[in-house]
Structure formats: structure tokens, C-alpha cells
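See below for the structure under consideration.
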Amino acid sequence: MTEQTGDFAFLPLGGTGEIGMNFNLYRLREDGEEHWLAIDCGIGFSGNDTPEADVLMSDPTFIAERKDSLHGLVITHAHEDHVGAVAHLWRYLRCPVYATPFTAAVLRRKLGEAGLQNQVVIHIIMPGSRFEVGPFDLQFIPVTHSIVEGQAVAIRTPHGIVVHTGDWKLDPTPLVGPVTDEEAFRALGDEGVLAMVGDSTNVMKEGRSQSEADVRVGLTEMIAGLEGRVAVTCFASNVARVESIAKAGLASGREIMVVGRSLRNLESAARECGYFADLPPFLTEYDIKDVPDENLLMIITGSQGEARSALSRIASDTHSAISLGEGDTVIYSSRVIPGNEQAVMTVQDNLTRRGVTVLTDRDGMVHTSGHATGGDIRHLYSLVRPRYSIPTHGEWRHLTAHGALARECGAEAVLLEDGDILNLGPGPVEVVDTAPTGLLALDGDRLLPMTGGVLAARRRMLFNGVVLASFAVDDEGYVIGDPRISAPGLLERDDPESARIREEFAYAIDEIPDEFRQDDQAFRDAARTALRRALGRKLRKRPLVDVHLLRV
1 MTEQTGDFAF LPLGGTGEIG MNFNLYRLRE DGEEHWLAID CGIGFSGNDT
51 PEADVLMSDP TFIAERKDSL HGLVITHAHE DHVGAVAHLW RYLRCPVYAT
101 PFTAAVLRRK LGEAGLQNQV VIHIIMPGSR FEVGPFDLQF IPVTHSIVEG
151 QAVAIRTPHG IVVHTGDWKL DPTPLVGPVT DEEAFRALGD EGVLAMVGDS
201 TNVMKEGRSQ SEADVRVGLT EMIAGLEGRV AVTCFASNVA RVESIAKAGL
251 ASGREIMVVG RSLRNLESAA RECGYFADLP PFLTEYDIKD VPDENLLMII
301 TGSQGEARSA LSRIASDTHS AISLGEGDTV IYSSRVIPGN EQAVMTVQDN
351 LTRRGVTVLT DRDGMVHTSG HATGGDIRHL YSLVRPRYSI PTHGEWRHLT
401 AHGALARECG AEAVLLEDGD ILNLGPGPVE VVDTAPTGLL ALDGDRLLPM
451 TGGVLAARRR MLFNGVVLAS FAVDDEGYVI GDPRISAPGL LERDDPESAR
501 IREEFAYAID EIPDEFRQDD QAFRDAARTA LRRALGRKLR KRPLVDVHLL
551 RV
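Numbering (full-length UniProt numbering), first residue to last: 1 to 552.
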């Protein structure tokens, strides 16, 4: 790293790409000492470009090397792309966490599953509060989002105020939780804001956001006209939506059941924090034996087609307790996250094959986004009036559109890539350096670098296959019997091509020079080369190959 020119800087380690995770750093230098603050630490879900992994997160190496100067991690809200990586990356950060009561309740359950519940210090910060994290003077500003207790963060420094919006929208009737605190934003604008780091997800949609109240009306009307079992799938973290679905079902005389671990965790966290107070406890799949079909409404996880979700298992008729069929209805009260289209269509097709009616937001007002539209964002700029705009949380086309909108509103836009270090003061607001970045994949309980050997090999196997060869040699290194070749996904066992490749490989290893035969490693390397040549000529592919040598 080169010497930095500024005393206050912003660094996104994740959040400016299409995967959608959020991991942001702020650096304040005083008296020659560096002080770091992290905001959000989320996961992303792989798409078509990364089939070798399911869950991704930012590589924390850069800040882990500076963890002694990391004063805290502030979480803006409890969505997975903002909090989901904490349980996996906290061991590298070793800092206290600051969150609202509901976000803390969600996080504690994640930390408990990871065996960290007694190690991580969580400071509960009430919505709208002002607090300090090391030398950072912070203020939470309540915002409406598709989850309760969403907070923007105002950072006051000697060099100016930065407003970090998190995820937000303008909704006059959010139903659960307060409206976005426009007066607090206006007060910050009056105080003078240096820069606003803002969500770009829905910037390309014009007009103002639709209200959650409209969704509740739409769900109530739709469910009232349905017969048989009704299931509604939505994002499990959306407290207002779950409440809307439950109240719509109750209005039609239906009892409410939740299906899926994430929804049960949501219910526990929500009730712990005082939400759902006017709703009866939800049933589980083990409580419904005596509930008639026309009196049951199920809220089910799996709106994104996740392979192991409850809805996917129900659609493929492999769920242990629930089945849906002719006369039943599934309502999708959610949008499809880009990259999940095929998975969602597969689940919907499987449901339709079973005679289930599938309804989406094309059939009624059953979903609205939790992210600010272009109209919302334009209004926020009129309140905050920042000198600089730093679009984040979106693909490059979203960041570019956000930058153009910001310039229309009088702010100078600065577009960043993950790893760019932006000087915020004193001096010019400009990129002054770049930090190393990368992605880690969650593989069971392990974190693996996306550029590492394990996932590179898996990627190669996915597209080119894998071929394993084994053969035995005597003490002098000469082959005993015939070698065996296994090529799952490339060759059938009784395929004549397999026999030809095996014969060519056997001939090639017979031709390996004697000086390689007494050194097992050299022998294996030569045999791998021979196998690659045989495969290349026959298959015109470059699969991952390995050779097992047995000396007897």
C-alpha cells in the first residue's frame, strides 16, 4: 500500500458488483494512527457465472490485517446481504458489533448456529440513536425497507458528514415500523453533507415506490377468492409482508402455518422484539392434521427456487409432511433475484405439473420492492443535498444510472469498483489507491477462495469433466494387467470410445522411459501427460485428470 493523502476515506470491499453482498469500510486517521469502521457484512448468492459455489462473501484479508484498528462493525439491517457473513467472517475481524434490537436478535441466532454466541459482543443501538464507535460519531436514521428497523448511518467527522443510506425506500404506510425519517435527512442537509453513499438497486424504476399497504389489500382480495390449500412464499426476513400474509389469511377464516427454518427463526426474533403482537402463534407442519384445506394458509420459504427449501421439496413431492396438488394455490409474494430465474421457473413448473395454480405479481398486487425507486432517490437528494454522490449496491448499469441522477440533482458522482480507496478529505475527493479484494465461497463449514485450487478444479470438472486412471506396476515399474479409466459425465463404461482410450493409455505408459519408473511422482506425472494426450485426441476436451499408481 502506498501512503494515503487523506485523513478520511471510504473503501467498499463488496457491494458494487452483481453478486450483491455489502461490506464497507471507513478509515479515519488522527495523529498518525489509523482507525477503521465497518458497515455491513453480507453474503451473496452465486449466479450462472459461478455454479461451483452457492454462497459467496467478500475476502476480509485487507481489514483482517488491520483488525487491531477496527473499532466496530455496524449493521444497517438484518437482510442476508448485509448481515449474513458476520458468523463466517467475525473470526477474522474480532470486533464488537452494533445493531438494532431486531437485527441483533436475528444475528444472535446465526452466531449460535456457528458456535460464536458467547464470543461476539453485540451492542444494542435503538433506532434513531446517536452513538460512538471509537473516534467515529454515528447516528442511526430510521428508514423504511422490506424488513423492520432498517437504518441509514450518518458519520460525522472533522472533514464532513457522510450519509450511508443502507437499503431504503419511501413508503407513507409501511404497516410495520416507522416511515423513513425525512426530517432527520433534511436536518443533515441543513448541517451540510459532504457525501452520500447510496443504494442503487431500483434506481432505474421511475416514479415513487408502491406501498406495503397496497400489497396487504391485494393479498387480502386474492386470498379471499381462493379455495383449497393456499401457500404464499416470500422473503423470510420481511416482517411486514409476513404480517400482511397472515392477516390476509385470517380475514378469510384461515389458520396460519409457517414452513421452513428461516421463517420460524423470523417469527421467534420478531415476537421477541414485540412484533406480531396481535397475531396468534403460527402453526407448524405438525399442527395441521385436523385443519380443513379451505381453512389453512401456509407461509413457505423458497421464493428463489433454492434447491433445499421447503417449497422446492413440496414441488418435487419430497417434503416429509406437506403436499400440494389439484385445487391448491401458491402465491409468489416476491420478486425473482437476477440469476435465480431458471430455479424459480423449475419450481413453478413442478407445482403446475402437480395441478397447483401458481400466481405472481402479474396476477395481482402481491409484491412491492423494498428498494428506493428513481423518484425516491431524487427526493432524498433534495433533502440531503450532498456535494458528492457515491452509488453502491448494484450492478454497473445501476451505479451509472444512479450517478446520472445524482448529477441532475447537483451532486458530483464518483463511481467506484470494489477495492477502490476514495479520499474524502482533506483535499480532492478522488480514488487514491486500491486495496486487494476477492471472493470467498462457503463450502460446508469451510471458506474457500474463488481463485483457489479447489474451486478452480471444481469449475473445470463442471465444464470439462474429470477422468481418473489407475494402474499397478511391479518392483521394476512395469505395468501389471490392464489400466482402468473412469470418466463420469464424459464416457459410458461400455462405450467403445472408453476401450480405445484405455488401450491408447496402456500403450503410452508402456512407452514411458525407464528412468521415470522408479520414482512414483515422476511416473504419475508422465502418466497424467499420457492420459491427457489420449483424451485430447479422442474427446477434444481438457478434463481434470488424475492418476492412481499402485506398486505391488
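Glycine included, each C-beta is placed from N, C-alpha and C at the ideal position.
Taking the beta strand (DSSP E) that V258 falls in, what are its first and last residues? Counting along the chain, the beta strand (DSSP E) containing V258 begins and ends at 255-259.
Minimum C-alpha distance to S498 - residue among K169, L296, A534: A534
Separation of A411 from T233, as counted between CA atoms: If you take the alpha carbons of T233 and A411, they lie about 40 Å apart.
With D418 and G14 assumed to form a contact (beta carbons below 8 Å), what rounded beta-carbon distance in angstroms separates them? Contact flag correct, Cβ pair sits at about 6 Å.
Does the region 322-342 come into contact with the region 222-237, if we say contact requires no fewer than three beta-carbon pairs (one atom in each stretch) closer than 8 Å? Taking a cut-off of 8 Å on C-beta distances, the region 322-342 touches the region 222-237, as three or more cross pairs fall below it.
Beta-carbon spacing of H145, G375 below 8 Å: no
So what does DSSP say about A526, is it helix, strand or coil? helix
Confirm, please, whether the CB-CB distance from I141 to G128 is below 8 Å. yes
Which of the three DSSP states, helix, strand or coil, is assigned to K169? strand
Between T301 and chain B, is the shortest Cβ-Cβ distance under 8 Å, so that the two count as touching? Absence of chain B from the displayed structure is noted, only one protein chain being present.
Let me know the secondary structure DSSP gives residue 554 once reduced to three states. Since the first residue of the chain shown is 1 and the last is 552, residue 554 is not available in this structure.
I'd like to check one pair, N464 with L383: are the Cβ atoms closer than 8 Å? no
Name the two residues that bound the continuous alpha helix (DSSP H) containing T220. 212-224
Residues in its own chain within less than 6 Å of E106 by CB, not counting five upstream and five downstream? Before going on, a small fix: residue 106 reads as Val here, not Glu. So the qualifying residues of the chain are A78, A269.
Span of the beta strand (DSSP E) holding P513? Note, P513: premise wrong, no beta strand (DSSP E); not H, not E.
On a CA-only basis, which of W90, I390, A114 is nearest A64? Give me that one, please. W90
From the DSSP output, in three-state form, read off L359 for me. L359: strand per DSSP, three-state reduction.
Residue 555, DSSP secondary structure in three states: Nothing can be reported for residue 555: it is not among the residues displayed for the chain, which extend from 1 to 552.
Where P513 and V552 are concerned, what is the direct C-alpha to C-alpha distance, given to the nearest angstrom? Approximately 19 Å, taken between the alpha carbons.
Looking at A530 and the ligand GDP, is the gap between the Cβ and the nearest heavy atom below 7 Å? What this structure holds is no ligand at all, so the ligand GDP is not there to describe.
Beta carbon of P135, beta carbon of H35: below 8 Å? Yes, the pair counts as a contact, with Cβ atoms nearer than the cut-off.
Using C-beta distances below 7 Å, list every residue in its chain close to V120, excluding the 5 sequence neighbours before and after it, in chain order. The residues are W90, V97, L111.
Which whole-angstrom value is the C-beta distance of V467 and L490, which I expect to be below 8 Å? 7 Å
Enumerate in chain order the residues of its own chain whose CB-to-CB distance from T16 is below 7 Å, with the five nearest sequence positions on each side excluded. T392, L399, L416, E417, D418
Who are the near neighbours of F505 in its chain, counting only those whose CB is closer than 7 Å to its CB and skipping five residues on each side? A469, P483, I485, A530, L531, A534
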